[in-house]
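Structure first, then comments.
Chains as they are written, first to last, in the working numbering: chain H, 1 to 118; chain G, 1 to 325.
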């Protein structure tokens with residue numbers, strides 16, 4: 001039994017776990033156009049999906065290592081080089097499949113949570 | 001201290017927790033991200049009044065070790081959290097193995113007979129010992145992590161980015177040290193060429209000091225060799241001193257001089273008496289043999305720096321510095 005004072009930490013862990021699985025999908029969904037990490041973070045945050053840097057950048061690396069993203073270093077309007085990420089053809093396939101899965105899970109959960117399961 | 005330096009120190013420290021393969025790439029992206037974040041907050045890392053903002057930003061990114069740990073692969077033998085301690089432990093063990101081998105090398109130099117076959121056996125034994133050491137240390141860490149003796153460090157809410165270690169420039173020289181080296185080289189040149197009889201046993205004869213020269217004739221015949229070596233070293237030291245830092249060409253010059261020094265000293269040890277008193281001669285030769293063994297190590301280190309363009313991660317200085325912390 002978790003002590004009362006430990007509940008906030010427990011909840012934080014559960015929320016993190018809940019979010020973790022959806023982060024890859026969120027990132028893939030925003031990379032049809034090339035973006036560098038910081039602009040992607042801002043874009044996700046603007047839509048209510050705030051991902052800390054320490055989570056986002058390693059996630060981008062993992063998705064790239066899995067062949068779902070492609071990246072290249074570019075110098076656009078400033079002298080500072082930035083790494084731009086873009087979804088790969090394999091990533092697009094994964095995005096379509098994951099979206100389908102997500103919708104199925106979401107629908108099922110909605111039914112479970114609202115008690116209108118068929 | 002400028003906070004742009006603090007940003008660099010943070011990036012450097014994150015890199016210290018990452019494998020060499022991905023280090024540079026991750027560091028470059030992190031640097032770029034930090035600069036974007038600073039720009040978005042209207043902070044200028046070089047302005048002292050923005051110092052607190054820079055510290056706040058780095059706190060948001062978290063301690064370097066924790067940030068780097070997120071890059072861990074799905075499977076690993078030694079976790080990123082334990083990796084710095086593992087590297088330090090292996091470094092200490094590697095230094096011990098190296099010292100033992102250097103003593104062996106010094107004894108062999110003193111005995112004579114550094115044949116190709118001996119060198120082959122020596123190097124094979126050294127590599128074997130290092131691999132065994134690596135395996136043992138890695139296995140111990142694997143067990144310690146497996147039995148939860150080493151646990152992942154929890155984030156420290158009081159972590160202060162201002163306490164990040166300062167990045168050292170491996171090519172920058174310490175001018176005082178270099179100057180002392182120049183003075184000693186000049187002194188050696190003068191004494192061995194113009195007053196070799198000053199080196200000897202001092203005795204008091206009728207109240208006045210008298211020096212009994214001890215350098216052997218055979219050794220004095222090698223003084224021109226030593227003189228050529230010292231003159232070349234002097235020229236190199238003056239160049240390095242004036243420039244204030246090492247360059248690739250200067251390092252290559254130093255490497256060639258180290259090899260020449262090893263050859264000259266080994267030749268002297270093997271071919272001639274250095275001091276006329278036998279027991280002292282044996283001691284001097286043993287001392288020189290140890291010096292030659294250390295020179296071999298230094299030359300290997302210099303070659304590594306030349307080829308890789310960076311200091312070995314397990315250099316003795318690095319390990320001593322880490323132990324000190």
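Don't be surprised by glycine CBs; every beta carbon is placed ideally from N, CA and C.
If the cut is a Cβ gap below 8 Å, which residues of chain H does residue 70 of chain G touch?
-> 54, 55, 57, 58
Does DSSP put residue 3 of chain G in a helix, a strand or coil?
-> Any reading at residue 3 of chain G must be qualified, since the residue scores a pLDDT of 46, below 50, and its modelled position is unreliable; the value itself is stated next. Note: residue 3 of chain G maps to helix in three-state DSSP.
Kindly list, in the order they appear in chain G, the residues whose Cβ is closer than 9 Å to that of residue 21 of chain H.
-> Correct list: empty, because the minimum Cβ distance to chain G is about 15 Å.
Assigned exposure category for residue 48 of chain G - 16 Cβ within 10 Å defines buried = exposed
If you check the beta carbons only, do residue 86 of chain H and residue 68 of chain H fall under 8 Å apart?
-> no
Check whether the stretch 184 to 198 of chain G touches the stretch 215 to 228 of chain G, counting contact only when three or more Cβ pairs, one atom from each stretch, lie closer than 8 Å.
-> yes
Do residue 13 of chain G and residue 79 of chain G have their C-beta atoms closer together than 8 Å?
-> no
Of all the CB atoms in chain H, is at least one closer than 8 Å to the CB of residue 29 of chain G?
-> yes
Note down, in chain order, all residues in the stretch 27 to 44 of chain H with a beta-carbon under 7 Å from any beta-carbon belonging to chain G.
-> 37, 38
For residue 71 of chain H, the residue or residues it bridges with in DSSP | H:85
Under the three-state DSSP convention, the category residue 341 of chain G falls into | Here chain G comprises residues numbered 1 to 325, so residue 341 of chain G is not present and cannot be evaluated.
Between the beta-carbon of residue 263 of chain G and the beta-carbon of residue 299 of chain G, is there less than 8 Å?
-> no
Pairwise C-alpha distance: residue 118 of chain G and residue 267 of chain G | 17 Å
Inspect the beta-carbon positions of residue 265 of chain G and residue 293 of chain G and report whether they are closer than 8 Å.
-> no
Any chain G beta carbon closer than 8 Å to residue 110 of chain H = no
Taking 7 Å as the line, does the beta carbon of residue 31 of chain G fall inside it for any heavy atom of the ligand GTP?
-> This structure does not include the ligand GTP; it has no bound ligands of any sort.
Does the Cβ of residue 114 of chain H have 16 or more other Cβ atoms within 10 Å, making it buried, or fewer, making it exposed?
-> exposed
So, residue 156 of chain G versus residue 60 of chain G, is the Cβ gap smaller than 8 Å?
-> no
Using alpha carbons as the reference points, say which of G:235, G:149, G:208 lies closest to residue 179 of chain G.
-> G:235
Using a Cβ cut-off of 8 Å (strictly closer), state whether residue 19 of chain G contacts chain H.
-> no
If you draw a straight line from the C-alpha of residue 52 of chain G to the C-alpha of residue 84 of chain H, how long is it?
-> 30 Å
Step through the CB atoms of chain G and report whether any lies within less than 8 Å of the CB of residue 8 of chain H.
-> no
Do we get a CB-CB distance below 8 Å when we pair residue 33 of chain G with the residues of chain H?
-> yes
Can you tell me whether residue 137 of chain G is buried or exposed, with buried defined as 16 or more other CB within 10 angstroms of its CB?
-> buried
If you draw a straight line from the alpha carbon of residue 83 of chain G to that of residue 70 of chain G, how long is it in whole angstroms?
-> 13 Å
Could you tell me how far apart the beta carbons of residue 182 of chain G and residue 241 of chain G are, in whole angstroms, since I believe they sit closer than 8 Å?
-> 7 Å
With 8 Å as the threshold, decide whether the Cβ of residue 36 of chain G is near any Cβ in chain H.
-> yes
Counting along the chain, where does the alpha helix (DSSP H) carrying residue 216 of chain G start and finish?
-> Residue 216 of chain G -> no alpha helix (DSSP H), and no H or E assigned at all.
Would you check if the stretch 271 to 290 of chain G and the stretch 102 to 116 of chain G touch, i.e. whether three or more CB-CB distances between them fall below 8 Å?
-> yes
Taking the CB atoms as reference points, tell me whether residue 37 of chain G and residue 38 of chain H lie closer together than 8 Å.
-> yes
Is there at least one Cβ from chain G nearer than 8 Å to residue 74 of chain H's Cβ?
-> no
Per DSSP, what kind of secondary structure is residue 42 of chain H in: helix, strand or coil?
-> helix
Distance, residue 107 of chain H Cα to residue 148 of chain H Cα = Here chain H comprises residues numbered 1 to 118, so residue 148 of chain H is not present and cannot be evaluated.
Exposed or buried, which one is residue 230 of chain G when buried takes at least 16 other CB atoms within 10 Å?
-> buried
Kindly confirm or deny that the stretch 22 to 37 of chain G and the stretch 110 to 126 of chain G touch, where touching means at least three C-beta pairs closer than 8 Å.
-> no
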